[in-house]
Amino acid sequence: MTKILMVCLGNICRSPLAEGILKSKLPEDKFTIDSAGTAAYHIGSKPDPRSIAVAKKYGIDITNLRGRQFEHKDFEAFDLIYAMDESNYNHIISMARNEEEKSKVKLILNEITPGENLSVPDPYYGGDQGFENVYQMLDQACENIKKNSI
C-alpha cells in the first residue's frame with residue numbers, strides 16, 4: 002500500500018482538491034491518499050465551497066474531507082508528501098529530522114514541469130476561475146503521479 006499526502010497552507014482549497022483528484026485516479030486497495038495543512042487555521046473544517054464546487058463539476062465529491070494540520074508523525078505514515086507551493090515545502094522540510102524524511106517531500110507541480118519548482122497558486126482570495134485553474138493544474142499533476150505509480 003502506497004500512502005500519499007497532499008499539503009497546502011490551510012487544507013481547505015488546494016490539498017483537498019489534490020486528494021480528491023488523486024483518489025479518483027488510483028485504486029483504493031493499493032493507495033491511501035490524505036491531505037493536511039501546515040497552518041492550524043481550518044482544523045475540522047470542510048473544504049472551501051469553491052473547491053467543493055469545482056470538484057463536483059468533474060464528478061469528485063470532497064464534501065466529507067475535513068481540515069487537519071500536518072504533524073511530524075506524517076513523515077512516518079506517508080511514503081510521499083506533495084507540497085502545493087514553496088512556502089509549504091520549506092515548512093515541511095524544516096520539520097524533517099533526517100534526509101530520509103526530506104526525501105519524501107516534493108513540489109506537486111514538478112510532476113508536470115520537473116525541476117522548475119513551480120507553485121500551485123492559492124485560489125482562496127481569487128474568484129471561481131482561480132479554483133478552475135488550480136483544478137486543471139492538479140488534475141494534470143495527479144495524472145502524471147498515476148502514470149508513475151501504476
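Residues in the sequence shown are numbered from 2 upward in steps of one, following the working numbering. By construction, the Cβ of each residue, glycine as well, lies at the ideal position given by its N, Cα and C atoms.
When secondary structure is reduced to three states using DSSP, Ala40 falls in the coil class, being assigned neither helix nor strand.
For the pair Asp30 and Ile5, the CB atoms are not nearer than the 9 Å cut-off. Residue state for Leu108 is assigned as strand, using DSSP reduced to three classes.
Sequence-distant Cβ neighbours of Gly45 in its own chain, meaning closer than 7 Å and more than five residues away, are Arg67 and Gly68.
By the Cβ test, the segment 52-65 is not in contact with the segment 87-101, since fewer than three Cβ pairs between them sit closer than 8 Å.
With a 10 Å radius around the Cβ and a threshold of 16 neighbouring Cβ atoms, Pro48 comes out buried. A residue is called buried when at least 16 other Cβ atoms come within 10 angstroms of its Cβ; Ser95 does not meet this threshold and is exposed. Distance between Gly131 and Cys14, taken at the CA atoms: about 11 Å.
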